[in-house]
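Visitor: Residue numbers (our numbering): 183 to 337.
Built from N, CA and C at the ideal position, the CB exists for glycine as well.
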Amino acid sequence: MDTRKEENELHLLGGSTVYKQDYAPEVLEAFTNKHPDNDYWVRFNCPEFTSLCPITGQPDFATIYIDYIPDVKMVESKSLKLYLFSFRNHGAFHEDCVNIIMKDLIRLMDPKYIEVTGIFTPRGGISIYPYCNYGRPDSKYEQLAEQRLFNHKPA
183 MDTRKEENEL HLLGGSTVYK QDYAPEVLEA FTNKHPDNDY WVRFNCPEFT
233 SLCPITGQPD FATIYIDYIP DVKMVESKSL KLYLFSFRNH GAFHEDCVNI
283 IMKDLIRLMD PKYIEVTGIF TPRGGISIYP YCNYGRPDSK YEQLAEQRLF
333 NHKPA
């Protein structure tokens, strides 16, 4: 791929970093997958995720795992970091966070398959580990999503 084309697709790399203070899906950027004919996994491990409880305002901490099989587009990692950081002052339940993340990434990339897991630290003696996934409809990836959901074993 022509490096100039990649530079035109991405705007955050090389510039100064600006952190959004609330949920900001608009910071997500994608670039063209150089191997769309190959099925392969991409995993992001985000161990410093923070959001706020929408009721109490107390901080919630988690490791977020994002696993996907790309098609034509892939998420750029710096934009993903800034996007995940934007949850820091955002009030949302754990289950809502993982579903919002997954849906925003589907809108951005239209992946063949994606799953998002949140490993939230305990509060009040209870840990919550929400998991969601998506496979492209009417494809083997939809079958993969169903299989992985029904056989999912939390960490």
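1) Along the chain, where does the beta strand (DSSP E) containing K147 start, and where does it finish?
2) Should the stretch 250 to 261 be called in touch with the stretch 281 to 297, which here means at least 3 C-beta pairs below 8 Å?
3) Would you mind reading off the limits of the alpha helix (DSSP H) that contains A327?
4) If you compare alpha carbons, which of A206, P218, L264 and P207 is closest to A230?
5) Any heavy atom of the ligand SAH closer than 7 Å to the CB of Q240?
6) Going by beta carbon distance, what residues of the same chain come within less than 8 Å of P218, once the five residues before and after it are set aside?
7) In whole angstroms, what is the alpha-carbon distance linking L287 and L331?
8) Near L326, which residues of its chain fall below 6 Å by C-beta distance, leaving aside the five closest residues on each side in sequence?
9) Indicate whether the contact test is met: 3 or more Cβ pairs, each with one atom in the stretch 219 to 227 and one in the stretch 235 to 243, closer than 8 Å.
10) Three or more C-beta pairs closer than 8 Å, one from the stretch 267 to 274 and one from the stretch 300 to 310: is that the case here?
11) What is the DSSP secondary structure of L234, counted as helix, strand or coil?
12) Helix, strand or coil for E211 per DSSP?
Guide: So, from the listed chains and residues:
1) Since the first and last residues shown for the chain are 183 and 337, residue 147 lies out of range.
2) Proximity of the stretch 250 to 261 to the stretch 281 to 297 meets the contact definition, three or more beta-carbon pairs being nearer than 8 Å.
3) Within the sequence shown, numbered from 1, the residue matching residue 327 stands at position 145. Under the DSSP assignment, A327 falls in the alpha helix (DSSP H) whose first and last residues are K322 to F332.
4) Position 48 of the sequence shown, counted from the start, is the residue given in the question as residue 230. The question names Ala, but residue 230 is Glu in the sequence shown. Nearest option by C-alpha distance: L264.
5) This structure lacks the ligand SAH, and indeed carries no ligand of any kind.
6) Mapped onto the sequence shown, residue 218 falls at position 36. Counting only Cβ-Cβ distances below 8 Å, and skipping sequence neighbours, we find P252, D253 and V254.
7) Locating residue 287 in the sequence shown gives position 105, counting from the first residue. Locating residue 331 in the sequence shown gives position 149, counting from the first residue. About 18 Å.
8) In the sequence shown, counting from the first residue as 1, residue 326 sits at position 144. Around L326: Y295 and G317.
9) Contact fails: fewer than three Cβ-Cβ distances are below 8 Å.
10) When C-beta atoms of the stretch 267 to 274 are compared with those of the stretch 300 to 310, fewer than three pairs fall below 8 Å, so the two segments do not count as touching.
11) Stepping through the sequence shown from its first residue, residue 234 is reached at position 52. L234: strand per DSSP, three-state reduction.
12) Taking the first residue of the sequence shown as 1, we reach residue 211 at position 29. The three-state secondary structure of E211, taken from DSSP, is coil.
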